[in-house]
Every structure is written in structure tokens, then in C-alpha cells.
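Colleague:
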Amino acid sequence: MEKKILKYAAAFGLGIMALAGCTDKEAELLVPKLYFEASESTIQLDEEKEYTVDLQVRLSSMTESDVAVSYSIAGEDVVDAYNKKYGKEYKVLSTASLSSETSSIRAGEIVSDVVELKMTGLDLLGGGDNYLLPVRVHTGDVPVIEGSDITYYVVKKPAKIMKAARFNNSYIKVPITPLDVFKNVTYEAVINVSNFGDNNTVMGCEGVMIMRIGDAGGGTVPRDILQIAGKSEITWTDNPLKIGQWYHLAFTCSEDGKANLYVNGENVINSSFTMSSDLTAGGADYGFSIGMVPRFMWGTRPFNGYMSEVRLWNVVRTANQIKENMLGVDPDSDGLVAYYKLDGTVEDASGNGMEPEDMSAPSFVDLDNPIAIGGGL
1 MEKKILKYAA
11 AFGLGIMALA
21 GCTDKEAELL
31 VPKLYFEASE
41 STIQLDEEKE
51 YTVDLQVRLS
61 SMTESDVAVS
71 YSIAGEDVVD
81 AYNKKYGKEY
91 KVLSTASLSS
101 ETSSIRAGEI
111 VSDVVELKMT
121 GLDLLGGGDN
131 YLLPVRVHTG
141 DVPVIEGSDI
151 TYYVVKKPAK
161 IMKAARFNNS
171 YIKVPITPLD
181 VFKNVTYEAV
191 INVSNFGDNN
201 TVMGCEGVMI
211 MRIGDAGGGT
221 VPRDILQIAG
231 KSEITWTDNP
241 LKIGQWYHLA
251 FTCSEDGKAN
261 LYVNGENVIN
271 SSFTMSSDLT
281 AGGADYGFSI
291 GMVPRFMWGT
301 RPFNGYMSEV
311 RLWNVVRTAN
321 QIKENMLGVD
331 PDSDGLVAYY
341 KLDGTVEDAS
351 GNGMEPEDMS
361 APSFVDLDNP
371 IAIGGGL
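Here the UniProt record's numbering is used: the first residue of the sequence shown is 1, the next is one more, and so on.
1. Distance, Cα to Cα, MET359 vs ASP129?
2. Which residue marks the beginning of the beta strand (DSSP E) containing VAL193, and which one marks its end?
3. Report all residues from its chain with a CB closer than 6 Å to the CB of GLY287; omit the five preceding and five following residues, and keep chain order.
4. For GLN56, which residues does DSSP report across the bridge?
5. May I ask which residues mark the beginning and end of the beta strand (DSSP E) holding GLU266?
6. Taking the alpha carbon of SER70 as the reference point, which residue from VAL115, ASP46, GLU309, GLU48 has its own alpha carbon closest?
7. Return the bridge partner residues of SER148 from the DSSP annotation.
8. If contacts are defined as beta-carbon pairs under 8 Å, then LYS231 and MET203 qualify, I think. What distance do you get, rounded to the angstrom?
9. Please classify LYS77: is it buried, with 16 or more other beta-carbons within 10 angstroms of its beta-carbon, or exposed?
10. Going by DSSP, what residue range makes up the beta strand (DSSP E) through ALA165?
11. Let me know the secondary structure DSSP gives ILE322 once reduced to three states.
12. Between which two residues does the beta strand (DSSP E) holding TYR262 run?
13. Going by DSSP, what residue range makes up the alpha helix (DSSP H) through ASP77?
14. Tell me ASN200's beta-bridge partners as DSSP assigns them.
15. What number of angstroms, rounded off, separates the C-alpha of SER271 from the C-alpha of THR318?
16. When the Cα atoms are used, what is the spatial distance from GLY376 to HIS248?
17. Pick from ASP54, ASP149, PRO302, LYS118: whose alpha carbon is nearest that of GLY140?
18. Could you tell me whether the Cβ atoms of ASN184 and SER254 are closer together than 7 Å?
19. Answer with buried or exposed for MET62, where buried requires no fewer than 16 other C-beta atoms within 10 angstroms of its C-beta.
20. Can you tell me whether MET230 is helix, strand or coil according to DSSP?
21. List the DSSP bridge partners of VAL316.
22. Rounded to the nearest angstrom, how far is the Cβ of ARG212 from that of ALA229, given a contact under 8 Å?
23. Look at the alpha carbon of SER350 and the alpha carbon of GLU109, and state the distance between them as a whole number of angstroms.
24. Whole angstroms are fine: how far does the CA of ASP366 sit from the CA of PRO158?
25. For GLU101 and SER39, I'd like the C-alpha separation in whole angstroms.
26. If you compare alpha carbons, which of VAL268, ILE176, VAL57, PHE36 is closest to LEU312?
27. Please report the distance separating the alpha-carbon of MET326 from that of GLU309.
28. Going by Cα to Cα distance, which pick from SER99, GLY197, VAL316, TYR262 is closest to GLY219?
29. Rounded to whole angstroms, what is the Cα-Cα separation between THR235 and THR186?
30. Taking DSSP as the reference, what is the three-state secondary structure of ASP368?
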């Protein structure tokens, strides 16, 4: 009997403890806590020189007394941590200020008084660049919800490309050699096709790794189908490319052969490809070219249309990096080997001295409208 009583008492005691634990948790949930309602907001700029947003924080429930809050603009370390966590390349927006560093939430209310966050000098930002502005809230009056003490403003200024290269039996030979070893690679180009030939070369090296549209001359791939060819083949048959439309094309391949094809920032094929450390076919005369393949024994395979933002990398660019930098990239980016903006010149913007000497230069044309991926001329 005593044992049974002890068991009942123990069970009753455990029940009381569990009930007390639940009560503590419920009480904790009822404690007013501070937080930013939006963890992230995106601001798309046009021609603005300045931009102002209203900064406010909220309480999870009302309090009987005022809650004092303060704000601070977080530094480069927070931007770096964000970029590392989410695979971004945002720059620090350093031209921002607060109309006041302090505010309050009045007793009986849940939203703070407005503080203005003002961004200036926006007309001086580079087109195509993305910036991050983190703002942190502080208070000693109530707890802050973990992870909700910072709000991020992503500031985007679209690139306005008003000039492009017109290719027609034109080419640019990129001056890499067999000594330029590629363990990993990324190709990128913005194109607009005027008309399709049997085989339309965008960029690369024949027989090794080339981005092209069609191989109708060989009787295997229709002339409007995107393909990566060479030591392997990857063919995107889902959507034939259209004449007169701007596309961003990208291809990545790693040392272990993992390959990805992107169209307009979307990963359309995940496959494998035989990677080559030498993208010149052993220093062949035709080498690595943009546009037609010069002096190629089986035909030059020209591209007829417009090109812009052609880039060669020795790293695998991530899906985020590709999608967010289609119309412009920082020339100092890691792994950028050659960068031809083709905005009126064939100069290499990477700073690596990849100025082409062997070429049949394209002409340059002023566009009626800025390049818009998915849009027309």
C-alpha cells in the first residue's frame, strides 16, 4: 500500500511539475517582445537621387509603460555575414542616415513612432549593382525576438545598357593560352539573335567546350536550340530561342564534371560535362572565340545578332550570383578572367589585360531601349 501511495504521489508531483512548466511557457509567450515586422525589403531605384523609408518596430503585445528603442545602421561585418549566409554579393550602402537614433512605443500601443531612414547619393551608384543596408534595433525595456532585431534593405539599381555589339561574320578571339589552366569555368553572355544560321556560335572553343545555338549543319540539333558542345553535349530542347529577344545565357562546369545551364537566370539543366583545363584546344589557331570560329576547318559558324556583357570565369558562379548580375558585374569579382561589356568598345573590363588582338571587330549600335532580359529590341 505504501508503495502504491508513493507511486501516486510521484505521479501527482510530476503532473504538478509539468503543469508548472506549461504555465511558465505560457507566461513567457505573453511577455511583450520587440521585433521588426519585415526582415527584408527590396527597393528598386530608377533615377532617384534620394530615397526615404519610415522605420518602425512593433511589440507582440501592449505594455503599461512606454518602451524606449534606439536604432543603429549596422556595419560591413553584418553585410559580409549576410552575403556568406545567402550566397550574395551585395555591397555596403554607406550613404544613409537616421532622422533620429531614438524612438518609443507609447504605453497601450504596439507600434513605435516613425524614424526616417534617408538614403542619399543614389544617382552616383553603379547601374547593375546591388546594395545592402542593415538597421538594428536596441532596447533595455523588453526582450527582442531572436533574429528579428535587424531589418535589411536591399537596394537595386538596374543597369541601363543603351549600346550593344552587332555581330555578323564577326569574332573576338579571347587571348587565353594552354597555360591558363581552368579547373572550373563559367560562361556568360547577353544575346539577341537577328536570324539563325545552321550553327550559331556564342562563345567558347570548338571540340572542347562551346556555347552555341543549333547544329543543323550536322543534322542533329535544330538551328534555334541552345547547346553546349565539345567533349560532351548538353542540349536544351524545352524552349527554342526566339529572334529579336534578349537572353542571358550562362553555363558552369566544375572540375568533377558537374554542369549547369542557365537561361535568363533560371537553372534549366543540371547535368554532367567533361571538363577540360585547356580551353584553347592546345593553342589551336581558332582558339577561344566570341562570335564566329575563325579559321575553323569545318566552317566558321557565325553568330548574327547583338551581344553584350560577355564574361569568362575560372570559378563556378552560383545560381544567385548569375541571376542577380545578368546585366552587370563588379570587374574586381573573384575568378573573372575576361569581361567584354561590348558597350562601344571591345576592351577587357576585368583588368586582366585580356585585350583582343585577333578579331574581326563587331560594329556598335545605339539601342532605342535599354536591354531588358526577356524583352525585345
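Just so it is clear, CB atoms sit at the ideal spot from N, CA and C, and this is done for glycine as well.
Modeller: Considering the structure as presented:
1. 30 Å
2. 185 to 193
3. LYS173, THR280
4. According to DSSP, which records beta bridges pairwise, GLN56 is partnered with nothing at all.
5. 266 to 272
6. VAL115
7. DSSP, once it has assigned bridges, lists no residue as partnering SER148.
8. In fact, because the Cβ distance is near 16 Å, the residues do not count as touching under 8 Å.
9. It should be noted that the sequence gives Asp, not Lys, for residue 77. By the neighbour-count rule (16 or more Cβ atoms within 10 Å), ASP77 is not buried but exposed.
10. 163 to 167
11. helix
12. 258 to 263
13. 76 to 86
14. ILE213
15. 15 Å
16. 13 Å
17. ASP149
18. yes
19. exposed
20. Note on residue identity: the sequence assigns Gly, not Met, to residue 230. Looking at GLY230 - three-state DSSP - the assignment turns out to be strand.
21. The partner list for VAL316 (beta bridge, DSSP) is empty, contrary to what the question assumes.
22. 6 Å
23. 54 Å
24. 18 Å
25. 19 Å
26. ILE176
27. 8 Å
28. GLY197
29. 17 Å
30. coil
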